[in-house]
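Quick notes on the structure that follows.
In the numbering used here, the protein residues as written are 4 to 282.
This is the structure:
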């Protein structure tokens, strides 16, 4: 082997030795395991204990009464407290606007809560009252709270009947009942034909507008229970001015389960009585 061949062979040996001595690349780091999100635990409700309220001042008086049973449900108690506090704050804002000058008027807020249903499935409370801050008469305070103890939350009209189109039939039924009641009231007043027509037309327009087929028109309701504690009807409550003049007062319409059930969300049908069982 001549000198050139030996040199080439030596270079090849050095190259091969370098390949053998080179450290293998480190293995790829394993991918981190997917993050598992911890289940969301609802924060415990702060205890709310409602007590009757009596506030007096040279310019106003406030009286609010609560049934003690509502304190069993802190979430519901918080809803009632918030409603009361909003009404109270409205009154105090009106008092502040009145100033310190004696005006001869005593503003007032009167609000009473009553339990209208109490079963393991449904606990309902009616709020009725008024607030006076001047004018010809006080402003009505009308609200209904339907609490589901097992779910620990309020039942609202849009959750109960989630399909907007379904309100057409419910509104039509309520409207029919309100128009019938209007005719009875007008007949009892024995008005002259022209005056009767005027009253019916004006009040009828308020009925049609106040029963627009949407959940907001039927937001205040309370359950009517049968002997087994099932809902046989819903009593929808309309404050003055919604479906009639102030002089007509609060108006109510009971819509039976047979009308409601085809439109009630599946998860709430268990609350209702079977319409066929009563036939």
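For glycine and all other residues, C-beta sits at the position ideal for the given N, C-alpha and C.
Taking a contact as a CB-CB distance under 8 Å, the pair residue 146 and residue 54 does not count as one, their CB atoms being some 19 Å apart. Listed in chain order, the non-local C-beta contacts of residue 161 below 7 Å within the same chain comprise 218, local neighbours out to five positions each way being set aside. Fewer than three pairs of CB atoms, one per stretch, sit closer than 8 Å, so the region 197-212 makes no contact with the region 149-159. Taking 8 Å as the upper bound for CB-CB distance, residue 275 and residue 256 are not in contact here, some 17 Å apart.
Scanning the region 54-141 from its first residue to its last, the whole alpha helix (DSSP H) runs of 4-plus residues come out as 77-101.
Residue 233 sits in coil when the DSSP states are folded into three classes, being neither helix nor strand. By alpha-carbon distance to residue 269, the top candidate from 123, 117 and 165 is 165.
Residue range 196-213 is occupied by the alpha helix (DSSP H) that includes residue 198. The three-state reading of DSSP puts residue 254 in strand, counting E and B together. The residues 119, 120, 127, 129, 147, 149, 237, 238 and 240, in chain order, have a CB closer than 8 Å to that of residue 225 in the same chain once the five nearest residues on each side in sequence are set aside. According to the DSSP secondary-structure assignment, residue 240 is paired through a beta bridge with 255.
With respect to the C-alpha of residue 73, the residue from 115, 110 and 233 having the closest C-alpha is 115. Assignment of residue 143 by DSSP, reduced to helix, strand and coil, places it in the strand class. The region 193-210 and the region 80-98 do not touch, with fewer than three beta-carbon pairs separated by less than 8 Å. Under the 10 Å beta carbon count, residue 250 is surrounded by fewer than 16 other beta carbons and is classified as exposed. Residue nearest to residue 63 within the set 110, 142 and 277 is 110 (criterion: CA-CA distance). Cβ-Cβ separation between residue 173 and residue 263: approximately 7 Å, consistent with a contact (criterion under 8 Å). Remark: C-beta atoms of residue 203 and residue 186 approach each other more closely than 9 Å. Rounded to the nearest whole angstrom, the C-alpha separation of residue 163 and residue 107 is 47 Å. Here DSSP, grouped into helix, strand and coil, assigns residue 228 to strand. With a cutoff of 9 Å on beta-carbon distance, residue 234 and residue 181 are scored as not near each other. Beta-bridge pairing by DSSP links residue 274 to no other residue.
One alpha carbon belongs to residue 68, the other to residue 266, and they sit about 36 Å apart. Excluding the 5 residues flanking it on each side, residue 142 has same chain C-beta neighbours closer than 7 Å at 133 and 134, in chain order.
Closest in C-alpha terms to residue 117, from the list 70, 243 and 99, comes 70. DSSP places residue 157 within a strand segment (E or B) once states are collapsed to three. Partner residues in the beta bridge of residue 150, as assigned by DSSP, are 126 and 157. Per the C-alpha coordinates, the member of 260, 259, 137 and 243 positioned closest to residue 144 is 243.
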